[in-house]
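Q:
2 protein chains.
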Amino acid sequence: MVDASTIPARPRPYHGGVTEARWLDDDEQRAWRAFLEATRLLWARLEAQLQAEAGMPVSYYQVLVGLSEAPGRALRLRDLAEATGCSRSRLSHAMARLEAAGWAERRSCPSDGRGGVAVLTPQGLAALEAAAPGHVTAVREWLFDALSPEQARQLGRICQQVLDRLRAGGAGAEPDGKQAHRSRGEVDE
Amino acid sequence: MVDASTIPARPRPYHGGVTEARWLDDDEQRAWRAFLEATRLLWARLEAQLQAEAGMPVSYYQVLVGLSEAPGRALRLRDLAEATGCSRSRLSHAMARLEAAGWAERRSCPSDGRGGVAVLTPQGLAALEAAAPGHVTAVREWLFDALSPEQARQLGRICQQVLDRLRAGGAGAEPDGKQAHRSRGEVDE
DNA sequence: CCAAAGTGGTTGAAAGCTCAATAACTAGGA
DNA sequence: TCCTAGTTATTGAGCTTTCAACCACTTTGG
Numbered sequence: 001m002v003d004a005s006t007i008p009a010r011p012r013p014y015h016g017g018v019t020e021a022r023w024l025d026d027d028e029q030r031a032w033r034a035f036l037e038a039t040r041l042l043w044a045r046l047e048a049q050l051q052a053e054a055g056m057p058v059s060y061y062q063v064l065v066g067l068s069e070a071p072g073r074a075l076r077l078r079d080l081a082e083a084t085g086c087s088r089s090r091l092s093h094a095m096a097r098l099e100a101a102g103w104a105e106r107r108s109c110p111s112d113g114r115g116g117v118a119v120l121t122p123q124g125l126a127a128l129e130a131a132a133p134g135h136v137t138a139v140r141e142w143l144f145d146a147l148s149p150e151q152a153r154q155l156g157r158i159c160q161q162v163l164d165r166l167r168a169g170g171a172g173a174e175p176d177g178k179q180a181h182r183s184r185g186e187v188d189e
Numbered sequence: 001m002v003d004a005s006t007i008p009a010r011p012r013p014y015h016g017g018v019t020e021a022r023w024l025d026d027d028e029q030r031a032w033r034a035f036l037e038a039t040r041l042l043w044a045r046l047e048a049q050l051q052a053e054a055g056m057p058v059s060y061y062q063v064l065v066g067l068s069e070a071p072g073r074a075l076r077l078r079d080l081a082e083a084t085g086c087s088r089s090r091l092s093h094a095m096a097r098l099e100a101a102g103w104a105e106r107r108s109c110p111s112d113g114r115g116g117v118a119v120l121t122p123q124g125l126a127a128l129e130a131a132a133p134g135h136v137t138a139v140r141e142w143l144f145d146a147l148s149p150e151q152a153r154q155l156g157r158i159c160q161q162v163l164d165r166l167r168a169g170g171a172g173a174e175p176d177g178k179q180a181h182r183s184r185g186e187v188d189e
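Protein chains in written order, with my numbering: chain A, 1 to 189; chain B, 1 to 189.
(1) Please confirm whether Q62(B) and Q151(A) have their CB atoms less than 9 Å apart.
(2) Classify P110(A) as buried or exposed, calling it buried when 16 or more other Cβ atoms lie within 10 Å of its own Cβ.
(3) Quick check on R45(A) - is its C-beta less than 9 Å from some C-beta in chain B?
(4) Among S87(B), R30(B), R106(B) and C86(B), which one has its Cα closest to the Cα of R73(B)?
(5) On a Cα-Cα basis, can you pick out the residue from E141(A), G102(A), E47(A) and A52(A) that is closest to V162(B)?
(6) For the beta strand (DSSP E) containing E69(B), list its first residue and its last residue.
(7) Mind checking if G134(B) is an interface residue toward chain A, Cβ cutoff 9 Å exclusive?
(8) Scan the segment 24–63 of chain A and note each continuous alpha helix (DSSP H) run of 4 residues or more that stays entirely inside, going in chain order.
(9) Give the DSSP bridge partners of G116(A), in chain order.
(10) Could you have a look at L75(B) and say whether DSSP puts it in helix, strand or coil?
(11) Considering only C-alpha positions, which residue in the set L166(B), V139(B) and R40(B) is nearest to E28(A)?
(12) So, are the CB atoms of L64(B) and P57(B) less than 9 Å apart?
(13) Out of curiosity, what's the CA-to-CA distance linking S108(A) and S59(A)?
(14) Have a look at L46(B) and H135(B) and give me their C-alpha separation to the nearest angstrom.
(15) Between D112(B) and chain A, is there a C-beta pair that is closer than 9 Å?
(16) Please list, in chain order, the chain A residues whose beta carbon lies closer than 7 Å to that of T39(B).
(17) Contact criterion: CB-CB distance below 9 Å. Does T121(B) meet it with respect to chain A?
(18) Applying the criterion that 16 or more other CB atoms from any shown protein chain within 10 Å of the CB defines a buried residue, is A127(A) buried or exposed?
(19) Determine whether the beta carbon atoms of G156(A) and A31(B) lie at a separation below 9 Å.
(20) Cα separation between E99(B) and H93(B)?
(21) What's the C-alpha gap between E69(A) and R78(A)?
(22) Where L91(B) and G124(B) are concerned, what is the direct C-alpha to C-alpha distance, given to the nearest angstrom?
(23) How would you write the range of the alpha helix (DSSP H) that S89(B) sits in, first residue to last?
(24) I need the straight-line Cα distance from G169(A) to A83(B), nearest angstrom please.
(25) Based on Cα-Cα distance, which residue from V117(A), R40(A) and L41(A) lies nearest to G66(A)?
(26) Report the rounded CA-to-CA distance for F144(A) versus C159(A), giving the unit in angstroms.
(27) W103(B): which of P122(B), G113(B), G115(B) and R88(B) sits nearest, CA to CA?
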């Protein structure tokens, strides 16, 4: 079966750049294609499961989780955005939907007039508690049940290293928040 | 820093289900949170890079790659959708944009009157060849440079196992194509 | 006290994706 | 032949996310 990849199979001569790109070797190529396909399918499965059983996309579920873990089940919108790793505008839109569903509320912040505080409602907590077991079961079934305990640790370590590098590497990603400055000198092209 | 997760930190009693969900142990919990965050950030980085340097989202790049690897740089739309792992309607919308950009064309299929064939134009190939080195460099820089060769193999093996399980597990995901039948007996709730 | 700069949050438009419906065609029998 | 069922691709509506612009408020520094 032809597999989806974001990298052409064979190196081609590239006209115009200054530096030659270092292509992926066979192990890396295999790993990359498997990674792309696995994450894509896994994510689709989890979205479908949560949508079917709890009627919400994963992103909203994550917002509810973020709120449920905060002291008093309330959090500054800024901090909630940080905790769930989403942009402020995205959270703003999401909160509108969560509020409409009766799962969360917005209050103004007493200590900072600009601020807003998101609060999880009892119905929101109930929805989260109803959704969680099915979600956990799906994560276990499609991810961890396919792996040995040793592999689970390997995966954790791998992801942590990648994460450290991405965070150290700074600019270029996070939207909405601070503007990206585009560092990184050695981009060929 | 508070980390985003789709699983609440502690098991909570769940009222209403028949079966108790098996929660994640500490290793799994750590691995899962790191996985979520790392894939999210990595993807954002790659999207930003390709958008900035090549003016296209990763999904379109994947379509161009799929076409470039096909014999004659042409492929039935059905097969292209399969190869890139996207739904037919998504591909249809994408083709409209790629055609407008002059990177691909649609022709009717001689052997099947229903069918359509997508063809990569010379401009499309040029755009792909211009975009590829930067993309490969980014993948290497943010993913593989963070890992040892052994870890790259581990990641490949892990993803392959997950992939096998997802494919064996059948229904529940792939949209648009065949309808999902929802198997899996033991869903609590 | 006041202006300038920074931060927090919202909004509307545009892009991309999904879903359901539909049209066009093929294939497989009565 | 005709009729039904399945396949291929497109379309439009709706949802989520991004992006840029914006307002409100706070902080900083004269």
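C-beta: ideal position from N, C-alpha, C; glycine also.
A: So, from the listed chains and residues:
(1) no
(2) exposed
(3) By this cut-off, R45(A) is an interface position.
(4) Measuring from the Cα of R73(B), the nearest candidate turns out to be R106(B).
(5) Comparing Cα-Cα distances from V162(B) to each of E141(A), G102(A), E47(A) and A52(A), the minimum goes to E141(A).
(6) Where E69(B) is concerned, there is no enclosing beta strand (DSSP E), given that its DSSP letter is neither H nor E.
(7) yes
(8) 26–54
(9) G116(A) has S108(A) as its beta-bridge partners, per DSSP.
(10) strand
(11) V139(B)
(12) no
(13) 23 Å
(14) Roughly 7 Å separates the two Cα atoms.
(15) no
(16) Taking a Cβ-Cβ threshold of 7 Å, the residues of chain A close to T39(B) are T39, in chain order.
(17) no
(18) Flag for A127(A) reads buried.
(19) Less than 9 Å divides the Cβ of G156(A) from the Cβ of A31(B).
(20) 10 Å
(21) 15 Å
(22) Taking the Cα positions, L91(B) is about 16 Å away from G124(B).
(23) R88 to A100
(24) 32 Å
(25) V117(A)
(26) 15 Å
(27) P122(B)
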